[in-house]
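By the UniProt record's numbering, the letter at position 42 of the sequence shown is numbered 42, and the numbering carries on one by one without gaps.
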Amino acid sequence: MGVSSCLQEDAGGGLGGLLEGVGRTPLLRLRRLSEELGYAVERYGFKQGDCVVECSSGNIAISVAFVAARLGLRAVIAAPEETSHAKLGLMKLLGAEVILGCSWVTR
Numbered sequence: 001m002g003v004s005s006c007l008q009e010d011a012g013g014g015l016g017g018l019l020e021g022v023g024r025t026p027l028l029r030l031r032r033l034s035e036e037l038g039y040a041v042e043r044y045g046f047k048q049g050d051c052v053v054e055c056s057s058g059n060i061a062i063s064v065a066f067v068a069a070r071l072g073l074r075a076v077i078a079a080p081e082e083t084s085h086a087k088l089g090l091m092k093l094l095g096a097e098v099i100l101g102c103s104w105v106t107r
């Protein structure tokens with residue numbers, strides 16, 4: 001299963017491809033958050049292909065990469081060199097450009 005199929009919503013409004021890898025951990029669709037993301041895209045005039053930048057080495061960077069991929073935006077993540085290979089790999093798998101060596105980024 002490719003990344004794009006994991007990012008697609010299923011007919012029930014969930015992330016079907018992503019759910020396959022989660023096991024028994026419950027995931028809920030946060031409709032309010034979805035509405036707020038849509039509002040932010042509309043309010044700030046993001047267009048497909050625009051860039052979002054995040055300075056982080058962890059879960060926020062992964063979340064930004066995921067949301068950017070869902071919204072058709074480009075994600076650039078600045079992270080310290082000590083960031084785990086697993087997290088870097090996931091950011092890249094989600095389509096983010098990762099820039100290492102940002103020592104001013106704190107964990």
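C-beta atoms are modelled at their ideal positions from N, C-alpha and C, and glycine is treated no differently.
Query, Result
"Pull up the distance between the alpha-carbon of I77 and that of N59, whole angstroms please.", "12 angstroms"
"Given a cut-off of 8 angstroms, decide if A75 and A86 are closer than it, judged by their beta-carbon atoms.", "no"
"I'd like to check one pair, A79 with S56: are the Cβ atoms closer than 8 angstroms?", "yes"
"If you draw a straight line from the C-alpha of S84 to the C-alpha of L73, how long is it?", "24 angstroms"
"In the DSSP assignment, the beta strand (DSSP E) including L100 goes from what residue to what residue?", "E97 to L100"
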